[in-house]
Amino acid sequence: MGRIVLDQVTKSFGDVTVIPPLDLTIEDGEFAVFVGPSGCGKSTLLRLIAGLEDVTSGAIRIDGQDATDIVPAKRGLAMVFQSYALYPHMSVRKNIAFPLRMAGMDRAEQDRRVDLAASVLNLTDYLERRPGQLSGGQRQRVAIGRAIVREPAAFLFDEPLSNLDAALRMGMRLEISELHKRLETTMIYVTHDQVEAMTMADKIVVLRAGHIEQVGSPLDLYRAPRNLFVAGFIGSPKMNLIAGAEAAKHDAHTIGVRPEHITVSATDGEWSGVVAVSEHLGSDTFFHVHDTGLADTITVRADGEVGFRHGDRIHMTPRADVIHRFDEQGLRIA
Amino acid sequence: MARAATTQRKIINTAFAWMVGLLIFFPIMWTILTSFKTEATAIADPPVWFFFDWTLDNYRVVQERSDYSRFLWNSIIIAGGSTFLGMLIAIPAAWSMAFVPSKRTKDILLWMLSTKMLPAVGVLYPIYLIFIKFGLLDTRIGLTIVLMFINLPIMVWMLYTYFKEIPGEILEAARMDGAGLREEILYVLTPMAIPGIASTVLLNVILAWNEAFWTLNLTAAKAAPLTAFIASYSSPEGLFYAKLSAASTMAIAPILILGWFSQKQLVRGLTFGAVK
């Protein structure tokens, strides 16, 4: 069980307020992702939940119990760190068994659980090695193993994949998602990578400067960003934001159109411009278009077969039903 | 071609390293060689290298003339004692600076190091007078304290760089894994800190063992360590090179053996932070 409630939580370091009063509920079994640019307070928020930082005011409840003043060791949460934070002087087996040893579990049960975790994570052949003898991906798995053996109320992940290369990152992303499906334990995952957020989360919490900008499922955030910040942050490549006369046509201060909601043509369209860069990914092509009179660059997604090149003049038409409209304050107009 | 170039480079590098190594080792080797010569061959010109009548006479004479074991015992007590006392102060000091740094931590570290820039002779008088006043002259306890203070900045610096390398996240991981303060110190911190403590101890034993300025100036007969034992064989007249060399060899032998067996620790200690 792991329902986590933050009630008017604040955090200040000296005079600097990192988290202004914040309310958030993470349901039992949910995969919640905290996402935002660096310095937005997402790691601090995770550390507050872990108990590694003390809250300045407010309360944290885990399964209905007030955990605000409970030390990290007693909160029943497990954490996977960005640097893995393995114990370098212990073998993989001892690393994974460490939380069980701290809990005073008997040796036979410790071994049984470590062996089980190792087989799930493909670490059986490495149990007697030291962390220094493992690759980055394997170290990450040991860190996850150390977290799962104790069957915590919730898992906390602090940018766990940012030290891995792209291919490995994708593999581990899937593994963590599968792990969540199998264990059905609450997971809170911090990342600055919106792709990780979109692919893994049940619930995304978008943070900026300690404020929650929006909470919702990945598709909610994609379809109906509450403000310009979320609109620009979620989605890759970024949504095109257009202000001025073109926006006024739609009774808005700014409009947003996602690259995938614009069709391109050689002959006619609502907008036109000159291709500056075209990125061919095989399945898709992205055109970065200049001289449109709308914004510095308009990004457009087209089919992989479309073959405009640098310097070509092209015409673009946005899909009218998916234009996002925002007012002067940057808030969504429903 | 590239391969040939690298092989050539390797040979040059190796030759250079050997040259530097031999250059550094030469005085020690010469001392040891001379200790087996007669006084006459010791000053022969041109010098005799390896082909002379090897003799143990010098060692016999030195052994008869002075009580090696008493000097050795003093050296052990002074080097060991000053290192032990120093560690008692340096470990908590370095610990707090590494794990609970304040705005002034860097300044304090620099200030401590700056005391090493002062020539020792600059404070010889005040310390000498203090020693007279407190009756510490020619006592092991006095020397132990002085050598402890002399080496303290280095101990704190070394330990500080070691402790600094222990990532805070590992300690946090231990806390998340359910370890209390006691378990955290016992199972995680101490095992990670021990290599650093060991190399610091080793280096300081060696520094204290070889320290000559204070040991010669603040002792007479009772507390004199091996450095004084060596110095007693240097005389303004007569032939003494071979005997002096024998005394030197006897004085450095214990520390040389200790260093030999712990070279891995020592090298790691001295290059720490540079290699990683």
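Protein chains in written order, with my numbering: chain A, -3 to 330; chain B, 282 to 557.
For glycine and all other residues, C-beta sits at the position ideal for the given N, C-alpha and C.
Item to check | Assumed close pair A:ILE319, A:VAL260 - CB separation to whole angstroms, cut-off 8 Å | outcome: No, A:ILE319 and A:VAL260 are not in contact; Cβ-Cβ is about 17 Å, not under 8 Å.
Checklist entry - For B:LEU334, which option in B:LEU314, B:ILE309, B:SER350 and B:LEU390 has the closest C-alpha, if you only look at C-alpha atoms? => result According to the sequence displayed, residue 334 of chain B carries Asp and not Leu. Ranking B:LEU314, B:ILE309, B:SER350 and B:LEU390 by Cα distance to B:ASP334 puts B:LEU314 first.
Checklist entry - Is it the case that the Cβ atoms of B:PHE444 and B:ALA375 are separated by a distance below 8 Å? => result yes
Checklist entry - When you compare only the Cα positions, how much space is there between A:GLY303 and A:PRO95? => result 57 Å
Item to check | Exposed unless 16 or more other CB atoms sit within 10 angstroms - verdict on A:ALA316 | outcome: exposed
Item to check | Length of the line joining the Cα atoms of B:MET282 and B:GLN289 | outcome: Only weak support exists for where B:MET282 lies, its pLDDT of 49 falling under 50; the coordinates are left without a value.
Item to check | Segment contact flag, the segment 411 to 419 of chain B with the segment 499 to 513 of chain B, C-beta cutoff 8 Å, min 3 pairs | outcome: yes
Checklist entry - Along chain B, which residues have their Cβ under 8 Å away from the Cβ of A:SER79? => result PRO448 and GLU450
Next on the checklist: What residue range does the beta strand (DSSP E) around A:THR187 cover?
Outcome noted: 182 to 187
Checklist entry - Which residue comes first and which comes last in the beta strand (DSSP E) that contains A:THR21? => result 12 to 22
Checklist entry - Going by beta carbon distance, what residues of the same chain come within less than 6 Å of B:ALA527, once the five residues before and after it are set aside? => result SER316, ASN339, TYR340 and VAL343
Checklist entry - How would you call B:SER543, buried or exposed, if buried means at least 16 neighbouring beta carbons within 10 angstroms? => result buried
Checklist entry - On the three-state DSSP scale, how would you describe A:GLY269? => result strand
Checklist entry - For A:GLY240, which residues of its own chain have a beta-carbon under 8 Å away from its beta-carbon, when the five flanking residues on both sides are left out? => result LEU290
Item to check | Interface positions of the segment 83 to 94 of chain A facing chain B (Cβ-Cβ less than 9 Å), listed along the chain | outcome: TYR83, PRO84, HIS85, MET86 and PHE94
Item to check | Limits of the alpha helix (DSSP H) - the one that A:HIS176 falls within | outcome: 162 to 179
Checklist entry - So, using beta-carbon positions, are A:PHE9 and A:VAL186 closer together than 8 Å? => result no
Checklist entry - Are there three or more Cβ pairs, one per stretch, closer than 8 Å when the segment 471 to 484 of chain B is compared with the segment 107 to 118 of chain A? => result no
Checklist entry - Per DSSP, what kind of secondary structure is A:LEU157 in: helix, strand or coil? => result coil
Checklist entry - Distance, Cα to Cα, B:THR386 vs A:GLY167? => result 43 Å
Checklist entry - What residues in its chain sit with their C-beta under 8 Å from that of A:GLY300, if we drop five residues either side in the sequence? => result HIS276, LEU277, GLY278, SER279, ASP280 and THR281
Checklist entry - Apart from the five residues just before and just after B:GLN546, which ones in its own chain have a Cβ nearer than 8 Å to its Cβ? => result PRO476, ALA479, SER480 and LEU483
Item to check | Check: A:ARG108 C-beta below 7 Å from any heavy atom of the ligand ADP | outcome: Among the ligands in the structure shown, none appear at all, so the ligand ADP cannot be discussed.
Next on the checklist: Using 8 Å as the threshold, is the C-beta distance between A:VAL201 and A:VAL138 below it?
Outcome noted: no
Checklist entry - Can you list, in chain order, the residues of the segment 156 to 181 of chain A whose Cβ is nearer than 7 Å to any Cβ on chain B? => result none
Checklist entry - What distance in whole Å lies between the Cβ atoms of A:ALA330 and B:ALA454, which are believed to be in contact at a cut-off of 8 Å? => result Rounded, the Cβ-Cβ distance is 46 Å, inconsistent with contact.
Next on the checklist: At the 8 Å Cβ level, is B:LEU459 part of the contact set with chain A, yes or no?
Outcome noted: Note that residue 459 of chain B is Gly in the sequence shown, not Leu. Answer yes: the Cβ-Cβ gap between B:GLY459 and chain A drops below 8 Å somewhere.
Checklist entry - chain A partners of B:VAL469, CB-CB under 7 Å? => result TYR83
Item to check | Opening and closing residue of the alpha helix (DSSP H) in which B:LYS445 lies | outcome: 421 to 445
Item to check | First and last residue of the uninterrupted beta strand (DSSP E) at A:ILE294 | outcome: 294 to 299
Checklist entry - Out of curiosity, what's the CA-to-CA distance linking A:ARG334 and A:ARG222? => result This structure leaves residue 334 of chain A out entirely; chain A is present only between -3 and 330.
Next on the checklist: Just list the residues that DSSP pairs A:THR259 with in beta bridges.
Outcome noted: A:THR313
Next on the checklist: I want to verify the contact list: residues of chain B whose CB lies under 9 Å from the CB of A:ALA74, in sequence order.
Outcome noted: MET457 and ASP458
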